[in-house]
Amino acid sequence: MSEFDPVIIAFVCNWCTYTAADLAGTSRLTYPPNVRLIRVMCTGMVDPQYVLKAFLEGADGVLVSGCHPGDCHYINGNFKARRRIKLLKEILPRFGFEPQRLRLTWIGASDGVQFAQVMNDLVDQIKTLGPNQAKLEMVI
Ligand code: FES
1427 MSEFDPVIIA FVCNWCTYTA ADLAGTSRLT YPPNVRLIRV MCTGMVDPQY
1477 VLKAFLEGAD GVLVSGCHPG DCHYINGNFK ARRRIKLLKE ILPRFGFEPQ
1527 RLRLTWIGAS DGVQFAQVMN DLVDQIKTLG PNQAKLEMVI
């Protein structure tokens, strides 16, 4: 039996986490290739529908990551994201998804090391949870 290879969708803020991902790459830090980055201008523009669509179309995990509180380039976008993620975690079980599959982090532009650590940790956590049910139903 082959090892479970999760697919993780990461909505990352252009100004902070995306830059940290770039820094991780140029610093030759390694992290699993399971993460598909989607660059957004701010975590505040990540509509909860994007997260649900990712899960329903087979993502095993979703990460939303942006600027630290107080550093958002659009004043309070990351606070909006924090509220939305909190609510999403409450409704995810109704769709059959464990809330642990969704994570919100703050990773600053100079935090390449933290970016790689978060990706490694997230992939390990999702591997522990196993494949999501929507993906299984699509395969059947
Ligand atoms: S600009 Fe980065 S989270 Fe708002």
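Numbering (the numbering used here), first residue to last: 1427 to 1566.
A virtual CB, placed ideally from N, CA and C, is assigned to each residue, including glycine.
Quantities reported herein were computed from a predicted structural model and do not represent experimental measurements.
Pick from the options that is closest to residue i, judged by C-alpha positions
i            : options                : result
residue 1529 : 1535, 1500, 1512, 1536 : 1512
residue 1442 : 1554, 1453, 1556, 1531 : 1531
residue 1471 : 1458, 1520, 1502       : 1502
residue 1574 : 1435, 1549, 1542       : It is not possible to answer for residue 1574, since the shown part of the chain is limited to 1427 through 1566.
residue 1560 : 1500, 1527, 1468       : 1527
residue 1468 : 1537, 1536, 1498       : 1498
residue 1440 : 1538, 1554, 1464       : 1464
residue 1500 : 1549, 1518, 1466       : 1466
residue 1493 : 1462, 1484, 1536, 1553 : 1536
Bridge partners - residue i, DSSP secondary structure assignment
i            : result
residue 1436 : 1463, 1489
residue 1555 : Answer is none; residue 1555 lacks a bridge partner.
residue 1531 : 1491
Close beta carbons around residue i, own chain, < 6 Å, minus the five adjacent residues each side
i            : result
residue 1540 : 1533
residue 1510 : 1474
residue 1549 : 1458, 1460
Distance cut-off 7 Å: residue i Cβ against heavy atoms of the ligand GDP
i            : result
residue 1492 : The ligand GDP is not among the ligands present in this structure, which contains only the ligand FES.
Beta carbon of residue i nearer than 8 Å to that of residue j
i            : j            : result
residue 1438 : residue 1460 : no
residue 1514 : residue 1474 : yes
residue 1507 : residue 1490 : yes
residue 1444 : residue 1545 : no
residue 1521 : residue 1481 : yes
Sequence-distant residues of the same chain with beta carbon closer than 7 Å to residue i, five excluded per side
i            : result
residue 1435 : 1462, 1464, 1480, 1485, 1488
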